[in-house]
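Novice: Chains as they are written, first to last, in our numbering: chain A, 35 to 250; chain B, 35 to 250. Don't be surprised by glycine CBs; every beta carbon is placed ideally from N, CA and C. Below you'll find the structure I mean.
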DNA sequence: ACCTGAACACCGTTCAAGT
DNA sequence: ACCTGAACACCGTTCAAGT
């Protein structure tokens with residue numbers, strides 16, 4: 035089996051740092067960082083555990099390197115739409131999509147307190163659009179940041195909702211017309227499973243309306 | 035040392051399940067769940083590791099029990115304010131305060147996908163208020179959930195910002211008047227450290243305005 | 001019913017030794 | 001410069017044995 039790993043990839047003369055990062059990224063994307071063990075990674079690479087240490091130092095540095103890669107991967111975002119408000123919403127939606135593509139890695143970026151840096155590409159676009167909408171100074175900065183936190187908040191919540199066990203007691207048992215202000219449609223809506231994409235659109239649209247709206 | 039633990043608490047004849055949970059909750063609140071080890075907990079309780087297993091099964095069940103406790107601890111929330119919008123904002127702020135009080139435990143609730151359940155006490159109040167504001171059916175349910183996700187999103191982001199290392203490159207180096215739409219005040223605001231409480235208030239107010247506002 | 005120590009299968013990491 | 005196996009100090013967990 036020497037020279038060929040479990041995935042049947044090309045033979046390798048030397049193990050490189052890139053090889054280690056590639057394999058680690060693949061495993062993390064599939065099963066999350068928690069189940070990435072140095073021994074398991076070594077097996078995947080068909081090498082000795084200690085070789086990995088030569089290339090990446092230790093487990094924490096390895097994960098840090100993956101986070102750096104993720105940050106580098108998140109490129110610019112081009113706003114689309116006819117009004118600044120629509121363009122802000124479009125940036126938020128694009129960003130959400132990209133983050134949901136790599137939920138584990140986003141969580142790792144978040145854990146390392148680098149959420150702000152992750153948003154830099156989007157931030158430039160958002161700054162431009164809120165300025166375009168007439169916001170200035172601290173008010174513009176607040177608007178940009180409010181959108182950022184909304185996006186990352188939704189992504190974090192959504193990611194964990196996916197793998198949530200059945201809720202006990204289920205929301206369907208909790209809300210009946212009598213407990214929900216005698217509003218049968220409301221009770222039904224509260225009992226129904228949540229549609230994350232729709233909720234996100236509702237939230238970000240309402241937020242942007244509030245931030246850019248005439249009241250401000 | 036038998037019969038008196040490291041904190042000098044009262045002697046114990048029998049170790050109880052409650053004793054285990056109390057000690058575990060204290061340690062988790064201080065250092066987070068990651069640094070809670072069964073052996074460390076046993077030392078804290080001045081008992082054998084294996085005794086703990088008799089009372090709580092295993093580490094995962096122990097953490098589950100702490101999460102259950104946290105959920106039970108989050109009580110009702112009384113809305114205050116003269117308009118429905120203000121009362122919704124007040125519920126959100128109170129909720130945020132309570133969650134920030136136990137950040138590690140909230141994160142654990144979240145990891146277990148029980149965020150929805152955590153919100154139940156607040157949900158009743160929110161449902162009442164948005165109904166009061168004239169929202170009905172699915173639209174009311176969306177509004178309630180949008181506020182929920184905003185709150186938990188902010189708490190999660192805020193918690194991790196606290197222990198964030200210095201950002202590289204710092205936002206102060208990134209934003210100058212020329213890059214920030216030639217708006218010196220905006221550049222300064224973007225470079226300044228974020229005030230989480232202020233940003234939260236701005237966000238939730240804008241969101242509620244957008245959700246309850248005349249446009250809808 | 002409750003507690004114990006020994007033992008097992010894992011972990012990340014270090015290090016001296018190889019080529 | 002790169003790789004190796006042995007060894008160390010940790011984990012969570014099981015289990016037979018004690019009282």
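Take residue 193 of chain A and list the residues in its own chain whose beta-carbon comes closer than 6 Å to its own, dropping the five residues that flank it on each side.
Specialist: Within the same chain, residue 193 of chain A has close Cβ partners 137.
Novice: Along chain A, in chain order, which residues have C-beta atoms closer than 9 Å to that of residue 162 of chain B?
Specialist: 215
Novice: With distances taken from CA atoms, which of A:139, A:132, A:163, A:129 is nearest residue 119 of chain A?
Specialist: A:163
Novice: When you compare the CB of residue 39 of chain B with every CB in chain A, is at least one pair closer than 8 Å?
Specialist: Note on residue 39 of chain B: pLDDT 41, under 50, position unreliable in the model; no value is reported.
Novice: So residue 92 of chain A contacts chain B; which residues on that side make the cut at Cβ distance below 7 Å?
Specialist: Within chain B, no residue comes near residue 92 of chain A; the closest Cβ sits about 17 Å away, beyond 7 Å.
Novice: For the candidate residues A:236, A:53, A:219, whose alpha-carbon lies nearest to that of residue 171 of chain B?
Specialist: A:219
Novice: Under the assumption that residue 10 of chain B contacts residue 129 of chain B (Cβ atoms under 8 Å), give the Cβ distance between them as a whole number of angstroms.
Specialist: Residue 10 of chain B lies beyond the range of chain B shown here (35 to 250); nothing can be said about it.
Novice: Is the beta carbon of residue 103 of chain A sitting closer than 8 Å to the one on residue 72 of chain A?
Specialist: no
Novice: Whole angstroms is fine: what's the gap from residue 215 of chain B's alpha carbon to residue 54 of chain B's?
Specialist: 57 Å
Novice: Straight-line CA distance for residue 176 of chain A to residue 191 of chain A?
Specialist: For residue 176 of chain A and residue 191 of chain A, the distance between alpha carbons rounds to 22 Å.
Novice: Looking at the C-beta of residue 53 of chain B, does it have a partner C-beta in chain A at a distance below 8 Å?
Specialist: no
Novice: Please name the residue in A:211, A:116, A:111, A:245 whose C-alpha comes closest to that of residue 153 of chain A.
Specialist: A:111
Novice: Count the other C-beta atoms from every protein chain shown that fall within 10 angstroms of the C-beta of residue 236 of chain A, then say buried if there are 16 or more, exposed otherwise.
Specialist: Burial state of residue 236 of chain A is buried, judged by a 10 Å Cβ sphere holding 16 or more other Cβ atoms.
Novice: Give the secondary structure of residue 176 of chain B by DSSP, where H, G and I count as helix, E and B as strand, and everything else as coil.
Specialist: helix
Novice: Give me, in chain order, the residues of the same chain whose beta-carbon lies closer than 6 Å to that of residue 48 of chain B; leave out the 5 immediate sequence neighbours on both sides.
Specialist: none
Novice: Could you pull out every residue in the same chain whose Cβ sits closer than 6 Å to the Cβ of residue 246 of chain B, ignoring the five residues on either side in sequence?
Specialist: 119, 167
Novice: Going by the beta-carbon positions, is the gap between residue 83 of chain B and residue 139 of chain B smaller than 8 Å?
Specialist: no
Novice: Would you please verify whether the beta carbon of residue 138 of chain A is less than 8 Å from any beta carbon of chain B?
Specialist: By this cut-off, residue 138 of chain A is not an interface position.
Novice: What span of residues does the alpha helix (DSSP H) with residue 67 of chain A cover, start to end?
Specialist: Per DSSP, residue 67 of chain A belongs to no alpha helix (DSSP H) and is neither H nor E.
Novice: In the structure shown, what three-state DSSP assignment does residue 114 of chain B receive?
Specialist: coil
Novice: One question on the structure: do residue 183 of chain B and residue 187 of chain A come within less than 8 Å of each other, judged by their Cβ atoms?
Specialist: yes
Novice: Would residue 103 of chain B pass as an interface residue toward chain A - the criterion being a Cβ-Cβ separation below 8 Å?
Specialist: no
Novice: With DSSP as the reference, label residue 88 of chain A as helix, strand or coil.
Specialist: helix
Novice: Residue 244 of chain B: buried (16+ other C-beta within 10 angstroms of its C-beta) or exposed?
Specialist: buried
Novice: List, in chain order, every chain B residue whose beta-carbon is nearer than 8 Å to that of residue 223 of chain A.
Specialist: 171, 172, 174, 175, 176
Novice: Indicate whether at least one CB of chain A lies closer than 8 Å to the CB of residue 165 of chain B.
Specialist: Taking Cβ atoms only, chain A reaches closer than 8 Å to residue 165 of chain B, which makes this a yes.
Novice: Give the interface partners of residue 191 of chain A over in chain B, defined as CB-CB distance under 9 Å, in chain order.
Specialist: 144, 149, 182, 183, 186, 187, 190
Novice: Would you kindly report the start and end of the unbroken alpha helix (DSSP H) that includes residue 105 of chain A?
Specialist: 93-107
Novice: Are the C-beta of residue 243 of chain A and some C-beta of chain B separated by less than 8 Å?
Specialist: In terms of beta-carbon proximity, residue 243 of chain A lines the interface with chain B, with at least one pair separated by less than 8 Å.
Novice: Tell me which residues share the same chain as residue 114 of chain B and place their Cβ nearer than 7 Å to its Cβ, disregarding the 5 neighbours each side in the sequence.
Specialist: 121, 124
Novice: Could you check whether residue 189 of chain B and residue 160 of chain B sit closer than 8 Å to each other, using their CB atoms as the reference points?
Specialist: Contact flag unset, no.
Novice: Looking at the structure shown, is residue 215 of chain A part of a helix, part of a strand, or coil, going by DSSP?
Specialist: coil
Novice: Classify residue 151 of chain A: buried if its beta carbon has 16 or more other beta carbons within 10 angstroms, exposed otherwise.
Specialist: buried
Novice: Kindly list the residues whose CB is nearer than 6 Å to the CB of residue 241 of chain A, restricted to its own chain and excluding five residues on each side of it in sequence; keep chain order.
Specialist: 184
Novice: According to a CB-to-CB cut-off of less than 7 Å, which residues of the segment 223-237 of chain B neighbour chain A?
Specialist: 223, 224, 228, 233, 236, 237
Novice: Measuring straight from C-alpha to C-alpha, what distance separates residue 232 of chain B and residue 127 of chain B?
Specialist: 11 Å
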